[in-house]
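Written below as structure tokens is the structure these notes are about.
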Amino acid sequence: MSVTIRRCEEPPWTVLSVGGDLDVVGAPDLRQAVVAAVAEGSRLLTLDLSDLDFVDSFGIGAVVGALKRLRQRGGDLAVVCPTPRIRRVFEICDLDKILALHDSIDRVGSIEPTGSKAEARRL
Amino acid sequence: MSGRVEIEIPARADYVSLVRLVVAAAAELESGLDPPRVDDLRVAVSEATTNAIQAHIRSGCTHPVKVCCQCADQAVSVTVSDCGPGFDVEALPEMPPPDSPARLGRESGMGISIIRALSDSVDIRSGPSGTELHLVLGQRQPADT
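If you read the protein sequences in the order shown, they are chains X and U. One rule links them: number in this note's numbering = place in the first sequence (from 1) + 384. One rule links them: number in this note's numbering = place in the second sequence (from 1) + 792.
Structure (structure tokens):
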């Protein structure tokens with residue numbers, strides 16, 4: 385199954401809902417969607433992975449790239465990741481220590497950005 | 793329970809999902825591994841197969857990538873073989889710690905780390921004529937990982 389990406393606005397957050405397989409084939413599509421959102425002014429981005437079936441290091445790399453791109457611009461990334469098998473890959477890569485992993489999209493509007501301006505300056 | 797499945801695939805990225813599907817199905821049918829460990833197997837095999845395919849693409853090798861899956865009771869071993877140019881197994885860079893600014897600079901090169909984290913054992917033999925990655929994944933508890 386290839387990746388599917390839907391975009392919607394939940395001010396102040398832009399939400400990218402990602403489904404399917406985020407692997408070597410699907411990850412470039414996510415990178416492209418993030419680049420487009422940032423180019424259009426999004427600085428607070430939520431990746432909703434509730435419908436994601438699979439992720440490996442290529443998907444993780446795309447998420448790291450999104451986080452870096454946003455924090456370099458003073459923005460931040462939140463990830464909604466309720467599925468244990470998906471969350472496990474994030475935890476193995478220690479991404480749970482550098483970005484916010486959430487269990488539900490329901491309260492995305494109330495998510496507080498965790499990235500700091502200091503972090504942005506360091507990158 | 794036991795079973796052996798061998799697959800040869802063209803070195804194209806869109807075959808990785810097929811390998812995941814076949815190996816996971818064999819594990820479910822033959823090994824008795826719990827679903828979370830089959831999920832781990834799916835990730836580890838995806839990483840190894842993608843690395844092999846990329847090695848062929850980089851070197852222009854037109855031979856197929858080979859994946860051999862051997863299922864036993866409560867364990868699966870997988871060998872992924874390529875004919876790429878090989879790499880220095882001892883020189884693989886370690887992942888920067890999460891509190892390091894360098895961590896966000898690392899968007900690739902995590903595959904072998906993930907395979908090692910998910911598998912009970914990993915053996916990599918690499919040389920100028922190719923790489924063979926052998927992993928074994930058994931029924932350990934999540935608390936052990």
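By construction, the Cβ of each residue, glycine as well, lies at the ideal position given by its N, Cα and C atoms.
| If you run the structure through DSSP and keep just helix, strand and coil, what is X/R506? | Position 122 of the first sequence holds residue 506 of chain X. The predicted model places X/R506 with a pLDDT of 41, which falls under 50 and marks its position as unreliable; any figure quoted below should be read in that light. Looking at X/R506 - three-state DSSP - the assignment turns out to be helix.
| request: Output, in sequence order along the chain, the residues in the region 468–488 of chain X whose CB is closer than 7 Å to any CB in chain U. | output: Within the region 468–488 of chain X, the residues whose Cβ lies closer than 7 Å to some Cβ of chain U are R469, V473, I476, C477, D478, K481, I482, listed in chain order.
| task | Please name the residue, chosen from X/L431, X/D435, X/S488, that lies closest to X/W397 on a Cα-to-Cα basis. | result | In the first sequence, the residue the question calls residue 397 of chain X occupies position 13. Comparing Cα-Cα distances from X/W397 to each of X/L431, X/D435, X/S488, the minimum goes to X/L431.
| task | State yes or no: is the beta carbon of U/L884 nearer than 9 Å to at least one beta carbon in chain X? | result | Numbered from 1 along the second sequence, position 92 holds the residue referred to as residue 884 of chain U. Taking Cβ atoms only, chain X never reaches closer than 9 Å to U/L884, which makes this a no.
| query | So, does the CB of X/S441 fall closer than 9 Å to a CB anywhere in chain U? | reply | Translated into the one-based positions of the first sequence, residue 441 of chain X becomes position 57. Judged by the 9 Å Cβ criterion, X/S441 is in contact with chain U.
| X/G445 versus chain U: which residues are under 9 Å apart at the beta carbon? | Taking the first residue of the first sequence as position 1, residue 445 of chain X is located at position 61. Those within 9 Å of X/G445 in chain U are R898, E899, S900, G901, M902.
| task | Report the partner residues of X/A484 according to the DSSP bridge assignment. | result | Counted from its first residue, the first sequence places residue 484 of chain X at position 100. Per DSSP, the beta-bridge partners of X/A484 are X/A462.
| request: Indicate the three-state DSSP secondary structure (helix, strand or coil) for U/V881 in the structure shown. | output: Here residue 881 of chain U is taken as the residue at index 89 of the second sequence, counted from 1. Three-state result, U/V881: helix.
| query | Counting only beta-carbon atoms, is X/L431 nearer than 9 Å to chain U? | reply | Reading the first sequence from its first residue, position 47 is the one you call residue 431 of chain X. It does not; no Cβ of chain U falls within 9 Å.
| query | Can you tell me whether DSSP reads X/G423 as helix, strand or coil? | reply | Within the first sequence, residue 423 of chain X is the residue found at index 39, counting from 1. The displayed chain sequence assigns Ala, not Gly, to residue 423 of chain X. DSSP places X/A423 in helix when its eight states are reduced to three.
| task | Below 9 Å between beta carbons is the criterion; list the residues of the region 802–815 of chain U that meet it against any residue of chain X, in chain order. | result | In summary, the residues of the region 802–815 of chain U whose CB is separated from some CB of chain X by less than 9 Å are A805, D806, V808, S809, R812, in the order they occur in the chain.
| request: Note down, in chain order, every chain U residue with its Cβ under 8 Å from the Cβ of X/L451. | output: The sequence position of residue 451 of chain X within the first sequence is 67, counting from 1. The contacting residues are L896.
| request: List the residues of chain U that X/D407 touches, going by C-beta distances under 9 Å, in chain order. | output: Working through the first sequence from its first residue, we reach residue 407 of chain X at position 23. Contact note: X/D407 reaches chain U through A805, V808, S809, R812, S838, T842, using a C-beta cutoff of 9 Å and chain order.
| task | Specify the secondary structure class of X/R457 as computed by DSSP and reduced to three states. | result | Start at 1 with the first residue of the first sequence, and residue 457 of chain X comes out as number 73. For X/R457, the three-state secondary structure derived from DSSP is coil.
| Three-state class that DSSP yields for U/T937 in the structure shown | Start at 1 with the first residue of the second sequence, and residue 937 of chain U comes out as number 145. Residue placement at U/T937 cannot be trusted, given a pLDDT of 48 that sits under 50; what the coordinates show is reported in the next sentence. Correct three-state label for U/T937: coil.
| message | Tell me which residues of the region 844–865 of chain U have at least one Cβ-Cβ distance to chain X shorter than 9 Å, keeping chain order. | response | Cβ contacts with chain X come from I845, Q846.
| message | Please state the DSSP three-state secondary structure of U/E798. | response | To locate residue 798 of chain U, count along the second sequence from 1; it is residue 6. In the structure shown, U/E798 adopts extended strand secondary structure according to DSSP, grouped into three states.
| Which residues of chain X have a Cβ atom closer than 8 Å to the Cβ of U/R829, listed in chain order? | For the purposes of this step, residue 829 of chain U is identified with residue 37 of the second sequence, where counting begins at 1. Chain-order list of chain X residues neighbouring U/R829: empty, with the shortest C-beta distance near 10 Å, by a criterion of under 8 Å.
| task | Within its chain, find whatever has a CB closer than 6 Å to the CB of X/V418; leave out the 5 residues flanking it on each side and keep chain order. | result | Looking up residue 418 of chain X in the first sequence gives position 34. For X/V418, where only same-chain residues beyond five positions count, the Cβ hits under 6 Å are A450.
| For X/R469, which of U/L910, U/V814, U/V815, U/L925 has the nearest alpha-carbon? | Here residue 469 of chain X is taken as the residue at index 85 of the first sequence, counted from 1. If we check each option's Cα against that of X/R469, U/L910 comes out closest.
| Within chain X, partners of U/R834 - CB distance below 9 Å | Position 42 of the second sequence, counted from the first residue, corresponds to residue 834 of chain U. Chain order gives the chain X residues near U/R834 as F438, D440, R469, where near means a beta carbon separation below 9 Å.
| query | Taking DSSP as the reference, what is the three-state secondary structure of X/V433? | reply | Here residue 433 of chain X refers to the residue found at position 49 when the first sequence is read from its first residue. Sequence check: residue 433 of chain X is Leu here, not Val. Residue state, collapsed to three classes: coil.
| request: Please report the Cβ distance between U/I907 and U/E839, rounded to the nearest whole angstrom; I am assuming they are in contact, meaning their Cβ atoms lie under 8 Å. | output: Stepping through the second sequence from its first residue, residue 907 of chain U is reached at position 115. Stepping through the second sequence from its first residue, residue 839 of chain U is reached at position 47. That pair is a contact at about 5 Å.
| task | For U/E800, collect the residues of the same chain with a Cβ closer than 6 Å to its Cβ; drop the 5 residues on either side in sequence, then sort them by chain order. | result | As a first step, residue 800 of chain U is located in the second sequence; it is residue number 8 there, counting from the start. Short of 6 Å from the beta carbon of U/E800, and not among the five residues preceding or following it, lie these beta carbons of its own chain, in chain order: P856, K858.
| query | Where DSSP assigns a beta bridge to U/G919, which residues make up the other side? | reply | Position 127 of the second sequence holds residue 919 of chain U. Residue pairing for U/G919: DSSP places it in a beta bridge opposite U/G922.
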